[in-house]
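Visitor:
Protein chains: 2
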Amino acid sequence: MSQGKPTPLSGFPEWLPAGQIVQQQVIDTLSRTFELYGFAPLSTRAVEPMDQLLRKGETSKEVYVLRRLQADADDASDAGLGLHFDLTVPFARYVLEHAGKLQFPFRRYQIQPCWRGERPQEGRYREFWQADIDVVERDELPFHYDVELPLVIADALAALPLPKATMHVNNRKLCQGFYTGLGLSDPMAAIRIVDKIDKIGPSGVGAALAEELGASEAQVSACLALADIRTPDASFADQVAKLGVSDPLLDEGIEELTRVVTAAAEHAPGLLVADLRIARGLDYYTGTVYETFLAGAESLGSICSGGRYDNLATAGTERYPGVGLSIGISRILGRLLGRGDLTASRTVPTCVLVALPDEESRTGCDRLAMTLRRRGIPTEVAPAAQKYGKQIRFAQRRGIPYVLFPAAEGGTELRDIRTGEQAPVDVASWQPPAADLRPRVTTGPA
Amino acid sequence: MSQGKPTPLSGFPEWLPAGQIVQQQVIDTLSRTFELYGFAPLSTRAVEPMDQLLRKGETSKEVYVLRRLQADADDASDAGLGLHFDLTVPFARYVLEHAGKLQFPFRRYQIQPCWRGERPQEGRYREFWQADIDVVERDELPFHYDVELPLVIADALAALPLPKATMHVNNRKLCQGFYTGLGLSDPMAAIRIVDKIDKIGPSGVGAALAEELGASEAQVSACLALADIRTPDASFADQVAKLGVSDPLLDEGIEELTRVVTAAAEHAPGLLVADLRIARGLDYYTGTVYETFLAGAESLGSICSGGRYDNLATAGTERYPGVGLSIGISRILGRLLGRGDLTASRTVPTCVLVALPDEESRTGCDRLAMTLRRRGIPTEVAPAAQKYGKQIRFAQRRGIPYVLFPAAEGGTELRDIRTGEQAPVDVASWQPPAADLRPRVTTGPA
């Protein structure tokens, strides 16, 4: 494969070794947290039939379509396939396809790359990793899952060395009921218009409500007042009440949102705010909606979004309502790795380098390494019998904390290369401090 | 997403929940083993430029090419991309692209899906997971890595509940030197012809050698005799010597293969055989080559293959020789899950189900669950306050081993649903046996 040096592909980020270790540990930490809550691992194929992917018209232009380079006309078995652009569509399809063999409610987590042909920019990639959790049930899904899921995410984010995260929660029933009670002709259209408030501003929203829905000045100002409500507790309900709109669906939305906010205030104080502006663009959400922002990185947009969907997966008379949240791993890491705000304490898993006195000693050194590995200590043997100074620098450049010197005579010695301390060691029993066993993810440059 | 029931896509296997847990644990076990040997995690993008993918002409017809559904003529930034069909090409490209920022020798493991548009059959999929380990060095890679890598694989396979694996090893220098010493006109062509012996038989190989290379009857019979040599130890060298061919490259190949076989006999007795028929079709191997077969599943083909490549990654005057091995995870699991030879002890990570006396107790039950989760015990709370018999069946159907009953008065009790034993428990200190903490991968049906 002789060639020039390859150049990076815009929109397809790849990390250097320290970043790879950070991403691996982020994925491991998320998986562990999700499993503590009983979410089962799921990995679906990368491809879906185009008709599944195009069901949501909005994203159709971003889909990557596949074709085999030399497809035969007589074999169309993989024609019409595209790469999934999220993990929700494949999950809904998996549930429908295997419903007869799944136990409901079905709780799963899924951590995989997704692909969208978007114009690359910070926080938006053409290939990006998502970590999703969802719960689906047959027919009816109890509301308490809307309350539980943000708490799982709270634990997951708290286990990572990230800036403070704030989750903004709303309920579409609240908005839809409010617009209905207000007398707007098309409440769903109003939700979509108000959702653009961060892009087109309150005046733009007002103009669109007036123009598209014939909203009066009083209706516009009520809609904008609702969108302005943001409270860290259940007091949003009083503020809504003051707007003087009444509707049964509005009441239901207020009650649901109150339950989410109240439970989160106990479990993860400071995580959640009720934010009546949040709507999520996608049409399939029917109740609670979530967006999450990192302190100091708000410009990235939401790093964890989702909501309740009552009609995403249906086949014939079968209906599988669900609620889910999706963490944007690449969006987070792109920012934090890119700015050097996160790194790993070393670029290799290796905890101990066994120094090599001479090439004849390799078999003995391999045996020493195996003794350590059998106790779970990642160990490699030096690649060549260079001078010990060079072998120590080999460890230093990678951040390997310990070098083991098999003594020609006398005892084997262990050197902590951070302190330079070197002392005899019993290879059969020595254990590194737990913090040294694996690379640590740290904030700030290595 | 209302629709009929989706149908599976041939060649894109997806496992049910128990199989998903098995695959996850296989990946975790492989990762842990590779890290014990100091291999660093690497994940590369799914796509490569087509000119990279087509460098190896043989596989060109299997590549999936991408296009954006609505690609603009003015943005060709992602034109000419295809999905990788293995993890070696992306790895070689990553090394060349980032060489200035990597530490050599660079040891990495990589566990990802790959895609080939092949006609699906058992053991061959259009999407399949591979687990690769490779070591690359700048300029020259010491031979001892050819010895080390099969030992890493031996540990990795031994840590999985698989049938006995046998790794067949050869050395291309041995074959090339033998054919040269024998006086064949084109030793590389001879390697490719003899590699087809399992498909076309010895007589087919003999005919091709005669026809394409003008080999004499004596030359043909020497080639076939070489291909017949298979020994569990270094005695292959004596058998080669008896064929009376001499060549410096042959001697080098014999010496290298002897080192690999001898080291493996100490570390993993019974794993390796020297098998002078193995060649690997791909042209880029230059020395040691490996293939691995599972007892009782030989018809699957090799489940772990690789070899030494001295010229795969080169850019200008830079040269990065390497040696690597690749485990076919989907090939193995497709067979073992498909036949029910592997399963998981439960279909969820959950170790404890907290029973729910009534919906008003949910907050208290959530707190009990959190107490267990904080000690690393995967726990979920029952979805609804059904009769306890139904809640116990909920646990049974998923294989959850324990149900916790928060007592209205008196103490909280824990039931082992396998034995039916139920006793008071101290939630603040109880720990399940280590074997129950996570689902176990077991042989035979659940």
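Chains A and B are the protein sequences, given in the same order.
Each residue of the first sequence is one higher than the last, beginning at 66 in this note's numbering.
Each residue of the second sequence is one higher than the last, beginning at 66 in this note's numbering.
Built from N, CA and C at the ideal position, the CB exists for glycine as well.
1) Name the chain A residues that come within less than 8 Å of T412 (chain B), Cβ to Cβ?
2) Checking contacts by CB at 8 Å: is T353 (chain A) closer than that to chain B?
3) Could you tell me which residues DSSP pairs with P114 (chain B) in its beta bridges?
4) Residues in its own chain within less than 8 Å of C369 (chain A) by CB, not counting five upstream and five downstream?
5) Can you tell which of B:R427, B:S75 and B:Q451 has its C-alpha closest to the C-alpha of Q186 (chain B)?
6) Could you check whether the Cβ of V112 (chain B) sits closer than 8 Å to any Cβ belonging to chain A?
7) Residues of the segment 290-319 of chain B in Cβ contact with chain A at a cutoff of 8 Å, in chain order, please.
8) Tell me which residues share the same chain as A450 (chain B) and place their Cβ nearer than 6 Å to its Cβ, disregarding the 5 neighbours each side in the sequence.
9) Would a C-beta distance cut-off of 8 Å place G346 (chain A) and G188 (chain A) closer than the cut-off?
10) Who are the Cβ neighbours of I294 (chain B) in its own chain at under 7 Å, not counting the five residues just before and after it?
11) Going straight from the alpha carbon of E276 (chain B) to that of I262 (chain B), what length do you get?
12) Ends of the beta strand (DSSP E) at D375 (chain A)?
13) Could you confirm whether any beta carbon from chain A is found closer than 8 Å to the beta carbon of T109 (chain B)?
14) Given a threshold of 16 other Cβ atoms within 10 Å of its Cβ, counted over all protein chains shown, does K166 (chain A) qualify as buried or as exposed?
15) Nearest by alpha-carbon distance to R181 (chain A): which of A:Y174, A:R173, A:R172 and A:R191 is it?
16) Where does T508 (chain B) land, buried or exposed, given buried means 16+ other C-beta within 10 angstroms?
17) For a contact defined as C-beta to C-beta under 7 Å, what are the partners of H209 (chain A) on chain B?
18) Taking 8 Å as the threshold (C-beta atoms), are W194 (chain A) and Q516 (chain A) in contact?
19) Does the pairing of the segment 398-407 of chain B with the segment 430-441 of chain B give three or more beta-carbon distances under 8 Å?
20) When DSSP labels each residue in this structure, what does T428 (chain B) get in the three-state scheme?
21) S281 (chain B): buried (16+ other C-beta within 10 angstroms of its C-beta) or exposed?
22) Could you spell out where the alpha helix (DSSP H) holding F459 (chain B) opens and where it closes?
23) Return the first residue and the last residue of the beta strand (DSSP E) that M102 (chain B) is part of.
24) Can you tell me whether S364 (chain B) is buried or exposed, with buried defined as 16 or more other CB within 10 angstroms of its CB?
25) Ordered along the chain, which non-local residues of its own chain (more than five positions away) have a Cβ less than 6 Å from that of V212 (chain A)?
26) May I have the straight-line CA-CA distance separating R440 (chain B) from P106 (chain A), to the nearest angstrom?
27) For chain B, find out if any of its Cβ atoms is closer than 8 Å to the Cβ of Q88 (chain A); answer yes or no.
28) Output yes if chain A places a C-beta closer than 8 Å to the C-beta of R438 (chain B); else output no.
29) CB-CB under 6 Å to E202 (chain B), same chain, minus the five flanking residues each way: which ones, in chain order?
30) How long is the line joining the alpha carbons of A344 (chain A) and G372 (chain A), rounded to whole angstroms?
31) Applying the criterion that 16 or more other CB atoms from any shown protein chain within 10 Å of the CB defines a buried residue, is G147 (chain A) buried or exposed?
32) Look at the alpha carbon of Y210 (chain A) and the alpha carbon of R257 (chain B), and state the distance between them as a whole number of angstroms.
33) From G309 (chain A) to G318 (chain A), what does the alpha carbon distance come to, in whole angstroms?
34) If E113 (chain B) and H163 (chain B) are in contact, beta carbons under 8 Å, what's the gap, nearest whole angstrom?
35) Can you list, in chain order, the residues of the segment 189-217 of chain A whose Cβ is nearer than 7 Å to any Cβ on chain B?
36) Using only CA atoms, which one of A:F156, A:L227 and A:R97 lies nearest to G361 (chain A)?
Guide: According to the structure shown:
1) A105 and Q168
2) no
3) B:L146
4) I218, L222, A230, M232, Y355, E356, T357, L390, S391, I392 and G393
5) B:S75
6) In terms of beta-carbon proximity, V112 (chain B) lines the interface with chain A, with at least one pair separated by less than 8 Å.
7) Flagged: no residues at all.
8) L421, D423 and E424
9) no
10) F301, Q304, V305 and L341.
11) Cα to Cα, the separation comes out at about 16 Å.
12) Looking at the DSSP string, the run of the beta strand (DSSP E) that includes D375 (chain A) is C369 to A380.
13) yes
14) With fewer than 16 other Cβ atoms within 10 Å, it is exposed.
15) Answer by Cα proximity: A:R191.
16) Under this definition T508 (chain B) is an exposed residue.
17) Contacts between H209 (chain A) and chain B, judged by CB atoms closer than 7 Å, involve R427 in chain order.
18) This structure gives no information on residue 516 (chain A), because the portion of chain A shown stretches from 66 to 511.
19) Fewer than three beta-carbon pairs drawn from the segment 398-407 of chain B and the segment 430-441 of chain B are found closer than 8 Å, and the two stretches are therefore not classed as touching.
20) helix
21) exposed
22) Y453 to R463
23) A small correction: the amino acid at residue 102 (chain B) is Tyr; Met does not occupy that position in the sequence shown. Neither: Y102 (chain B) is in no beta strand (DSSP E) and is coded neither H nor E.
24) exposed
25) R324, V325 and A328
26) Each residue's Cα considered, the two are about 21 Å apart.
27) True, the Cβ-Cβ gap to chain B drops below 8 Å.
28) Cβ-Cβ to chain A under 8 Å: yes for R438 (chain B).
29) Here the set comprises F169 and P170.
30) 10 Å
31) That one is buried.
32) 60 Å
33) 16 Å
34) 15 Å between Cβ atoms; not a contact.
35) R191, E192, P207 and H209
36) G361 (chain A) has its Cα closest to that of A:L227, out of A:F156, A:L227 and A:R97.
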